[in-house]
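K.L.:
Sharing a structure here in structure tokens format.
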Amino acid sequence: MNMVEWRNQVAVITGGARGIGRATARLLAQRGAAVCVNYAVHADAAEALVAEIASLGRRAIAVAADVADPAAVEAMVARTEAELGPVTILVNNAGVSWQGTLDTYDPEQVARMRQVNVDGVIHATRAVIGSMRAQRYGRIVNVASIAGIGTALSGNAFYAATKAEVLILTRRFALELGQHGITVNAVAPGFVRTDMTQRGRGAADWPGTVERFAARAMMGRIGEPEDIANAVAFLASPESGWITAQVLTVDGGRMDYIGHG
Numbered sequence: 000m001n002m003v004e005w006r007n008q009v010a011v012i013t014g015g016a017r018g019i020g021r022a023t024a025r026l027l028a029q030r031g032a033a034v035c036v037n038y039a040v041h042a043d044a045a046e047a048l049v050a051e052i053a054s055l056g057r058r059a060i061a062v063a064a065d066v067a068d069p070a071a072v073e074a075m076v077a078r079t080e081a082e083l084g085p086v087t088i089l090v091n092n093a094g095v096s097w098q099g100t101l102d103t104y105d106p107e108q109v110a111r112m113r114q115v116n117v118d119g120v121i122h123a124t125r126a127v128i129g130s131m132r133a134q135r136y137g138r139i140v141n142v143a144s145i146a147g148i149g150t151a152l153s154g155n156a157f158y159a160a161t162k163a164e165v166l167i168l169t170r171r172f173a174l175e176l177g178q179h180g181i182t183v184n185a186v187a188p189g190f191v192r193t194d195m196t197q198r199g200r201g202a203a204d205w206p207g208t209v210e211r212f213a214a215r216a217m218m219g220r221i222g223e224p225e226d227i228a229n230a231v232a233f234l235a236s237p238e239s240g241w242i243t244a245q246v247l248t249v250d251g252g253r254m255d256y257i258g259h260g
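Take the sequence shown: its position 199, counted from the start at 1, is 198 in numbering that gives the first Met the number 0, and no numbers get skipped.
Structure representation (structure tokens):
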């Protein structure tokens with residue numbers, strides 16, 4: 000895809016202030032797209048990214064919205080289209096994680112996780128499809144997780160369940176929207192170095208965590224946000240126009256999936 004084609008793109012990146020979302024917003028902007036950097040909490044990080052993108056001569060805005068709130072998401076998309084133009088790319092990246100087991104189950108934590116990880120995908124997708132249908136063009140990329148496919152890692156069953164739901168929604172939304180020229184795909188990252196994966200792990204424990212997860216991957220390392228951003232950028236491009244309802248696993252060759260046989 001050449002730079003002129005990217006300059007015709009307007010992307011909304013939910014959870015765009017940090018981690019995978021930040022790397023994705025930066026990459027799409029570098030290629031020429033106008034970008035809405037959505038955030039819920041980290042305003043300073045979002046504004047700093049917008050300033051960085053502006054320094055490249057690209058257009059970007061930072062918009063606060065909790066993706067669990069459909070009215071806030073609709074307002075975010077309306078502002079994006081008023082300031083940047085019709086949305087052609089949606090990256091559903093916003094997500095939260097809570098680690099727990101059957102014994103430690105917390106219904107409030109799980110409910111909030113589902114509101115963001117699942118309902119947020121629904122709200123954002125609903126908010127952009129009107130414009131995409133009118134253009135008869137759109138790229139929707141959902142950031143799921145290999146947890147939703149079934150890695151053998153204890154303590155994340157409820158998080159994994161939300162990501163598994165994202166995977167089935169990806170396929171079902173693709174079925175509904177394909178006739179309108181809209182593709183819907185997902186990326187399923189493995190263990191990636193982000194604020195979320197480092198949260199709850201002390202600085203002293205982090206090197207050991209990296210070593211353990213690197214040993215589970217054929218490539219012998221953990222992922223970086225840019226690894227995922229590169230995959231998202233491909234699925235967000237016109238070159239992926241005959242790819243839909245697919246899940247692209249980006250995990251360095253993870254080897255600890257649950258199996259039977």
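We treat Cβ as the ideally placed atom computed from N, Cα and C, and that holds for glycine.
Shortest alpha-carbon distance to ALA71 belongs to which of GLU238, THR13, ASP194 and VAL183?
P.N.:
Position 72 of the sequence shown, counted from the first residue, corresponds to residue 71. Looking at the Cα atoms, THR13 is the closest of the given residues.
K.L.:
Tell me, which residues are paired with ARG253 by DSSP?
P.N.:
For the purposes of this step, residue 253 is taken as the residue at position 254 of the sequence shown. Beta-bridge pairing links ARG253 to ALA216.
K.L.:
With DSSP run on the structure shown, which of helix, strand or coil describes GLY240?
P.N.:
Within the sequence shown, the letter at position 241 stands for residue 240. The answer is coil: DSSP assigns GLY240 none of H, G, I, E or B.
K.L.:
Which residue from LEU101, ALA216 and VAL11 puts its Cα closest to that of ILE128?
P.N.:
By one-based count along the sequence shown, residue 128 stands at place 129. It is VAL11 whose Cα lies nearest to the Cα of ILE128.
K.L.:
Nearest by alpha-carbon distance to TRP5: which of ARG138, GLU175 and ARG78 is it?
P.N.:
Taking the first residue of the sequence shown as 1, we reach residue 5 at position 6. Among ARG138, GLU175 and ARG78, the Cα nearest to that of TRP5 belongs to ARG138.
K.L.:
With respect to the beta strand (DSSP E) encompassing ASN37, which residues constitute its N-terminal and C-terminal limits?
P.N.:
Sequence index remark: in the sequence shown, residue 37 carries index 38 (1-based). It spans 33-38 - the beta strand (DSSP E) in which ASN37 sits, taken as one unbroken run.
K.L.:
Going along the chain, which unbroken runs of the alpha helix (DSSP H) with 4 or more residues stay wholly within the region 95-145?
P.N.:
You should have 106-113 and 119-134.
K.L.:
Hey, quick one: how far does the beta strand (DSSP E) through THR79 stretch, first residue to last?
P.N.:
Mapped onto the sequence shown, residue 79 falls at position 80. Per DSSP, THR79 belongs to no beta strand (DSSP E); it is in the alpha helix (DSSP H), 69-82.
K.L.:
Quick one: does ASN92 have its CB under 9 Å from some CB of chain C?
P.N.:
The structure shown contains no chain C, having only a single protein chain.
K.L.:
Just the C-alpha distance for ASP118 and SER96, rounded to the nearest angstrom, thanks.
P.N.:
By 1-based counting over the sequence shown, the position of residue 118 is 119. By 1-based counting over the sequence shown, the position of residue 96 is 97. Looking at the two C-alpha atoms, the distance is approximately 14 Å.
K.L.:
Which residues in the same chain have their Cβ closer than 6 Å to the Cβ of ALA33, if we skip the five residues on either side of it in sequence?
P.N.:
The residue given as residue 33 occupies position 34 in the sequence shown. Within the same chain, ALA33 has close Cβ partners VAL9, ARG58 and LEU83.
K.L.:
Could you pull the DSSP bridge partners for VAL246 from this structure?
P.N.:
Stepping through the sequence shown from its first residue, residue 246 is reached at position 247. Paired residue(s): ALA185.
K.L.:
Please report the residue range of the alpha helix (DSSP H) in which LEU48 lies.
P.N.:
By 1-based counting over the sequence shown, the position of residue 48 is 49. Its alpha helix (DSSP H) spans residues 42-54.
K.L.:
Can you tell me which of the three DSSP states THR196 falls into?
P.N.:
Counting from 1 along the sequence shown, the entry for residue 196 is found at position 197. It is helical.
K.L.:
Pull the bridge partners of ILE12 from the DSSP assignment, please.
P.N.:
Here residue 12 refers to the residue found at position 13 when the sequence shown is read from its first residue. In DSSP, ILE12 forms a bridge with VAL36 and VAL90.
K.L.:
According to DSSP, is VAL66 part of a helix, a strand, or is it coil?
P.N.:
Residue numbering aside, residue 66 sits at position 67 when the sequence shown is read from its first letter. In this structure, VAL66 counts as coil in the three-state DSSP scheme.
K.L.:
With respect to the alpha helix (DSSP H) encompassing ASP226, which residues constitute its N-terminal and C-terminal limits?
P.N.:
Position 227 of the sequence shown, counted from the start, is the residue given in the question as residue 226. Segment 224-234, the alpha helix (DSSP H) holding ASP226.
K.L.:
When burial is assigned at 16 or more other CB atoms within 10 Å of the CB, is PRO106 buried or exposed?
P.N.:
Counting from one through the sequence shown, the residue named residue 106 turns up at place 107. Counting Cβ neighbours within 10 Å, PRO106 comes out exposed, since fewer than 16 surround it.
K.L.:
Going along the chain, which residues of its own chain have a beta-carbon closer than 7 Å to the beta-carbon of VAL115, five neighbours each way excluded?
P.N.:
Taking the first residue of the sequence shown as position 1, residue 115 is located at position 116. Closer than 7 Å at Cβ, skipping near neighbours: VAL66, ALA67, ALA93, GLY94 and VAL95.
K.L.:
Who are the Cβ neighbours of LEU26 in its own chain at under 6 Å, not counting the five residues just before and after it?
P.N.:
Numbered from its first residue, the sequence shown carries residue 26 at position 27. Same-chain partners within the cutoff: ALA228 and ALA232.
K.L.:
Report, in whole angstroms, the separation of the C-beta atoms of ALA126 and VAL191, which I expect to be a contact under 8 Å.
P.N.:
Taking the first residue of the sequence shown as position 1, residue 126 is located at position 127. Taking the first residue of the sequence shown as position 1, residue 191 is located at position 192. About 27 Å separates the two Cβ atoms, so there is no contact after all.
K.L.:
Taking only the alpha-carbon atoms, compute the straight-line gap between THR243 and GLN197 and give it to the nearest angstrom.
P.N.:
By one-based count along the sequence shown, residue 243 stands at place 244. By one-based count along the sequence shown, residue 197 stands at place 198. Rounded to the nearest angstrom, the two C-alpha atoms are 32 Å apart.
K.L.:
Considering only their Cβ atoms, is the gap separating GLY189 from ALA163 smaller than 9 Å?
P.N.:
Within the sequence shown, the letter at position 164 stands for residue 163. Within the sequence shown, the letter at position 190 stands for residue 189. For ALA163 and GLY189, no; Cβs fall outside 9 Å.
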